[in-house]
Amino acid sequence: APSPDAPAEHTERVVDDPRQDWLDGERALLLSLLVPDWGYGMRIETGAVEPHVWIGSTSCPSWLRLHAHGRVESAGPRRLWTEFTDALVWWKAQGEPDLSDFGLTVDRGRALQRVWLGNPHTPVWTTHRTPA
C-alpha cells in the first residue's frame with residue numbers, strides 16, 4: 001500500500017468538508033456496505049490543526065486523502081472519490097435505507113461475499129475472495 005505521504009496524482013476541491021462521512025461512524029459503516037474493498041484511518045500532518053482521512057483500496061494501489069477545507073487528493077487506477085459519491089447518490093435514491101435494511105452473505109465454498117439491500121436477491125455488490 002502507498003504511504004500516507006505519497007504524492008497525489010489528482011487534486012480537487014469540494015464545497016463541504018469531505019471527511020464528514022468518515023467522521024460519523026454509522027455513515028462510515030454504511031459506506032463499507034455500499035463500496036467494496038477499502039479501509040481508512042486518520043492522520044494529523046505536521047503543523048495541521050485537524051486530521052485528514054486516509055482511504056486506501058484493498059484491491060489495488062488507489063488511495064484518497066480528504067482534508068477539512070474541501071481538498072480531495074487521490075492516486076491510483078480506482079477513482080475512489082467518485083465511487084463513494086456515486087454510492088451516496090444511489091443510497092439517497094433508494095430512500096436512505098437504514099443500516100438494518102442491508103445484509104451480508106458470505107459463501108465460503110465459492111469464495112464470495114455479497115452485500116444486499118432488502119433481501120439476498122437484490123445485491124448491491126459481490127466480490128470474490130482468493131483463499132488465503
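Letter 33 of the sequence shown, counting from 1, is numbered 33 in the UniProt record's numbering, and no numbers are missing.
Cβ coordinates follow ideal geometry from the N, Cα and C atoms, glycine included.
Counting along the chain, where does the beta strand (DSSP E) carrying R71 start and finish?
In the sequence shown, the residue the question calls residue 71 occupies position 71. It spans 71-75 - the beta strand (DSSP E) in which R71 sits, taken as one unbroken run.
Does the contact criterion of 3 or more C-beta pairs under 8 Å hold for the stretch 26-33 versus the stretch 90-99?
Yes, they touch.
Under DSSP, the alpha helix (DSSP H) around D21 begins and ends at which residues?
Position 21 of the sequence shown holds residue 21. Per DSSP, D21 belongs to the alpha helix (DSSP H) from 20-23.
Nearest-angstrom Cα distance between D5 and D107?
Here residue 5 refers to the residue found at position 5 of the sequence shown. Here residue 107 refers to the residue found at position 107 of the sequence shown. Cα to Cα, the separation comes out at about 37 Å.
Touching or not, the stretch 38-55 and the stretch 109-122, by the rule of three or more beta carbon pairs under 8 Å?
Short answer: they don't touch.
Suppose you measure from the CA of T105 to the CA of R114; what does that come to, to the nearest Å?
In the sequence shown, residue 105 corresponds to position 105, counting from 1. In the sequence shown, residue 114 corresponds to position 114, counting from 1. Using only the alpha carbons, I get a separation of about 5 Å.
Any chance you could list the alpha helix (DSSP H) runs of at least 4 consecutive residues sitting entirely within the stretch 74-120, in chain order?
Runs found: 80-93.
At a cut of 8 Å, does the stretch 10-21 reach the stretch 67-77 through at least three beta carbon pairs?
Segments in contact, yes.
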